[in-house]
Each structure stands twice: as C-alpha cells, then as structure tokens.
Amino acid sequence: MYMNYFESNPLNIYHLMSATSESLKRLILVLAVTFIVIIILSILFTIDLTRIYGYIDILILATSLSITLFLLKGIRFYMILRYSGYRPSISDAITLRFGSEFFSLIGVSYIGDEVYRIYYLEKMDVDRGIAISISYSEVFMEVLTAFILIIFGSLLTFLDGYINIYLLISLFISILIVIANVLFILGFPIVYRLISRLFIRFGFKSFSDKLVIKDIHLFKEHFHKVILDYKVFPVIMSISILIGLISGMVLYILSIGFIPNPNYILSLLIVYIANTISSLPITVGGLGITEGVIISSLYPVGESTSVIIAILYRLSSYIAPLLISALILNMRIFRRASSVALRRG
Numbered sequence: 001m002y003m004n005y006f007e008s009n010p011l012n013i014y015h016l017m018s019a020t021s022e023s024l025k026r027l028i029l030v031l032a033v034t035f036i037v038i039i040i041l042s043i044l045f046t047i048d049l050t051r052i053y054g055y056i057d058i059l060i061l062a063t064s065l066s067i068t069l070f071l072l073k074g075i076r077f078y079m080i081l082r083y084s085g086y087r088p089s090i091s092d093a094i095t096l097r098f099g100s101e102f103f104s105l106i107g108v109s110y111i112g113d114e115v116y117r118i119y120y121l122e123k124m125d126v127d128r129g130i131a132i133s134i135s136y137s138e139v140f141m142e143v144l145t146a147f148i149l150i151i152f153g154s155l156l157t158f159l160d161g162y163i164n165i166y167l168l169i170s171l172f173i174s175i176l177i178v179i180a181n182v183l184f185i186l187g188f189p190i191v192y193r194l195i196s197r198l199f200i201r202f203g204f205k206s207f208s209d210k211l212v213i214k215d216i217h218l219f220k221e222h223f224h225k226v227i228l229d230y231k232v233f234p235v236i237m238s239i240s241i242l243i244g245l246i247s248g249m250v251l252y253i254l255s256i257g258f259i260p261n262p263n264y265i266l267s268l269l270i271v272y273i274a275n276t277i278s279s280l281p282i283t284v285g286g287l288g289i290t291e292g293v294i295i296s297s298l299y300p301v302g303e304s305t306s307v308i309i310a311i312l313y314r315l316s317s318y319i320a321p322l323l324i325s326a327l328i329l330n331m332r333i334f335r336r337a338s339s340v341a342l343r344r345g
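Per this note's numbering: the sequence shown = residues 1 to 345.
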C-alpha cells in the first residue's frame with residue numbers, strides 16, 4: 001500500500017531538507033558558471049545581451065512550454081505508478097518528478113534523476129526492483145523517443161535539403177549514444193549495478209547492498225509488464241512523444257524572432273541531438289554542449305544570430321525550469337515540515 005513517505009516519517013523531511021540545502025549551494029554554483037559561460041559567449045561573438053529584452057515575449061512563451069514539459073513528465077510518472085498498483089496523489093507524483101529534475105539539472109549531465117526517484121520510491125514502501133523498473137521505464141521511453149525523433153527528424157531535414165557538416169557529425173554521435181543507451185537499459189543486471197554505484201556516489205549507502213536476485217527478477221518482470229502492455233505502453237509512449245514534440249517547439253519559437261521561415265523539424269532534431277550528447281557524464285546540464293550543437297547547426301543563419309538563440313534556449317529550457325523546480329521542491333518540503341511540526345506540537 002502506498003504511504004505518504006514524508007508524513008509517515010517526520011525525520012525523513014529533515015533528512016531531505018538537509019540534502020536540499022547542500023543542493024541549493026550547488027545550484028548557486030551552477031547558475032554562476034552558466035552566466036559566466038553566457039558572458040564569455042557574448043564577448044567572443046560580440047553579442048549585445050541587452051538584445052534579449054527585445055525578445056522577452058517569445059522567451060516567456062518558450063519558458064512556459066519548458067515548464068509544461070516538466071508537468072507532462074510528472075503525469076507520465078504518475079500513470080506508471082498507478083499502473084504499478086500504487087496510489088499517490090498526482091501532486092505528490094509531480095512534486096517527486098520535479099524534485100528529480102532539480103537534482104538532475106544540477107548534476108553531471110542528466111545523471112541522477114533516476115537515483116532520486118528510486119531512493120524515495122523505496123522509502124515509500126515500493127519494492128526496490130519495482131522502484132528501479134518504474135524509474136527506468138521512463139528512461140527507456142525517453143531513449144526510444146529520442147531514437148524515433150532523431151531518425152525521422154534527420155530524414156525529413158535532409159530531404160528538405162538542409163545539410164550541415166557539423167549537424168551530420170552531431171547526428172552520427174547521437175545515434176551511437178541512443179543505440180548504446182537502449183542496449184544498456186535492456187541489460188538489466190548491468191543497470192542494477194550502475195544504480196548501486198550511483199547510490200554510493202550520491203551518499204545513499206543503505207542501497208549499496210550486494211546484488212539481490214529477487215530485485216533483478218522484480219525489475220525484469222515489472223519492466224516487461226510496462227513496455228509490453230498493449231494498453232499502457234501506447235498511452236505512456238504517446239505522452240513521451242508529445243514531450244519530445246514540445247521540446248522541439250521551444251527552440252522553434254525562439255528561432256521565430258531571428259530566422260525567416262524557421263524549420264520546426266530542424267529545431268526538433270537539434271534539440272534531441274543536443275540532449276542525447278549531453279546525456280554523457282561530461283558536463284553539468286549539458287552546459288557548453290547544448291550551445292555548441294545549436295550554434296554549429298544553425299551557423300548558416302548567421303554567427304551572432306545562432307549564439308543569441310543558444311543563449312535564449314539555455315535561459316528558457318534550463319535556467320527557468322531549474323529555478324522553478326527548486327522553488328516547488330522547497331515549498332513542498334517546508335510545507336510538509338510545518339504540517340508535521342504543528343501536529344507534533
């Protein structure tokens with residue numbers, strides 16, 4: 001039976017508050033580094049950053065779409081939980097998903113969000129193997145979505161006559177990464193061992209037990225159940241595709257103010273190439289890689305224009321969601337803490 005983890009064990013609230021406090025310090029560091037990179041780009045390409053104010057309307061619209069992506073991920077997570085036999089409130093599911101995005105955005109690349117979800121699902125009395133499966137079902141959907149959109153996006157883009165050597169190189173790298181990710185996720189024991197190592201790395205040593213056969217069995221059984229269910233899989237996959245299409249729309253909207261007749265399919269392809277390469281544990285939140293892919297792929301439209309678009313994309317798809325997810329997570333934690341304190345008082 002699904003329990004409200006925070007209300008059932010007040011000490012866990014303060015444990016999470018402590019962890020979040022440390023994360024907020026990292027948040028400040030990440031924001032500082034991000035803005036330093038933006039300033040360096042503006043100096044190197046002689047960009048007047050005050051130009052951004054002239055596009056505040058499309059920046060707000062793009063940011064709204066980015067937040068919508070987070071909400072859709074929360075709904076997808078909620079649906080997988082419900083299908084798995086657990087009954088959280090949709091607000092709790094979305095909050096947990098927002099929290100995982102927060103820890104992911106301040107981590108190395110986008111590694112860490114699945115660890116956050118697994119850890120707190122297990123504390124909510126979800127069996128460890130099922131907790132891993134629930135989280136990695138989402139990862140699998142995202143990787144499969146990336147594969148579909150990159151393949152079809154590249155075909156349509158090249159048929160449309162847009163060929164860029166930098167885009168071709170990035171495309172080749174991203175396809176290799178996606179294929180490797182699919183094979184990796186389907187190698188269940190390998191995934192479990194990676195999760196164990198990540199938990200040790202993130203300080204959750206209680207999870208670093210020896211590999212348990214029962215957990216692997218639960219993982220396989222539940223994972224197959226989710227991805228092979230002809231009723232559930234199409235619905236969850238449809239949400240994943242919608243998330244992907246909206247992701248491309250963010251860059252497309254930002255391009256409208258700078259490029260005559262911008263290509264939506266190209267925007268979609270660039271976003272997924274950037275996200276796929278950024279999944280490698282070599283940078284924080286794709287910082288530098290995302291900008292590099294956007295600038296090089298859009299280079300034919302003008303050097304300064306592509307840099308401005310890349311900066312706006314960083315602000316709308318990363319900075320704003322990062323701050324909002326941090327705000328939501330902290331508001332939820334302190335509201336829970338206040339509620340518990342009042343009951344205990």
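Think of the CB as a built atom: it goes at the ideal place given N, C-alpha and C, for glycine as much as any other residue.
With a cutoff of 8 Å on beta-carbon distance, Ile277 and Ile175 are scored as not near each other.
For the 8 Å CB-CB criterion, Ser325 and Phe102 form a contact. By the criterion of a C-beta distance shorter than 8 Å, Ser304 is surrounded in its chain by Phe45, Thr46, Ile47, once the five residues flanking it on both sides are discounted. No residue range can be given for Phe45, since it is assigned to no alpha helix (DSSP H) and is classified by DSSP as neither H nor E. Distance from the CA of Ile90 to the CA of Tyr78, rounded to the nearest whole angstrom, comes to 6 Å. The beta carbon of Phe233 is closer than 6 Å to those of Ile227 in its chain, skipping five residues each way along the sequence. Here the alpha carbons of Ile38 and Gly292 stand approximately 12 Å from one another. With fewer than 16 other beta carbons inside 10 angstroms of its own, Glu221 counts as exposed. Taking C-beta atoms under 8 Å as the contact rule, Tyr86 and Val139 fail to qualify, at a distance of about 18 Å. Taking a C-beta distance under 8 Å as the contact criterion, Leu245 and Leu268 qualify as a contact pair.
The C-beta separation of Ser137 from Phe223 comes to about 6 Å, placing the pair in contact by the 8 Å criterion.
When Ile179, Leu218, Thr157, Tyr119 are compared, the shortest CA-CA separation from Ser84 is found for Leu218.
Between Arg97 and Lys73, the C-beta gap is smaller than 8 Å, which places the two residues in contact. Cβ contact annotation for Ser255 (same chain, cutoff 7 Å, sequence separation greater than five): Pro262, Ser267, Ile309, in chain order. The beta carbons of Tyr166 and Ser42 sit about 21 Å from each other, so the pair does not count as a contact at 8 Å. One thing to note: Ile94 has its Cβ no nearer than 8 Å to the Cβ of Gly257. In this structure, Ser316 sits near Ser66, with a CB-CB distance shorter than 8 Å. Restricting attention to Ser135, Leu323, Ile328, the CA atom closest to the CA of Ile106 is found in Leu323.
The closest CA to that of Leu49, considering only Leu159, Arg76, Val307, is found on Val307. Annotated three-state conformation of Gly153 is helix, per DSSP.
Residues Thr276, Ile277, Ser279, Leu280 of the same chain have their beta carbon placed closer than 8 Å to that of Ile177, with the five preceding and five following residues left out of the count. In this structure, the CA atom of Tyr252 is about 11 Å from the CA atom of Leu312. In terms of Cα proximity to Ile150, the closest of Gly288, Leu287, Ile273, Ile294 is Ile273. Here Leu155 has no same chain residue with a Cβ atom under 7 Å from its own Cβ, once five neighbours each way along the sequence are excluded. With a 10 Å radius around the Cβ and a threshold of 16 neighbouring Cβ atoms, Met331 comes out exposed.
With contacts defined as CB atoms closer than 8 Å, Phe158 and Val182 fail to qualify as a contacting pair.
Residue burial annotation: Arg26 is exposed, with fewer than 16 other C-beta atoms found within 10 angstroms of its C-beta.
In the DSSP annotation of this structure, the continuous segment of the alpha helix (DSSP H) that includes Arg117 starts and ends at 113-123. Leu287 places its beta carbon 8 Å or farther from that of Thr68. If the five residues before and after Ala320 are omitted, its C-beta is found closer than 6 Å to the C-beta atoms of Thr63, all from its own chain and listed in chain order. Just measuring C-alpha positions, the residue of Ile130, Tyr116, Val250, Ser170 sitting nearest Arg314 is Val250. For Tyr252, the enclosing alpha helix (DSSP H) begins and ends at 232-256. Considering only Ile179, Ser170, Val115, Leu168, the residue with the shortest C-alpha distance to Val143 is Ile179.
Between Ile239 and Ile75, the beta carbon gap of about 7 Å places them in contact (Cβ cut-off 8 Å). The three-state reading of DSSP puts Val30 in helix, counting H, G and I together. Selection Ala32, Ile236, Ser133, Ile270 evaluated against Ser247 yields Ile270 as nearest (Cα-Cα).
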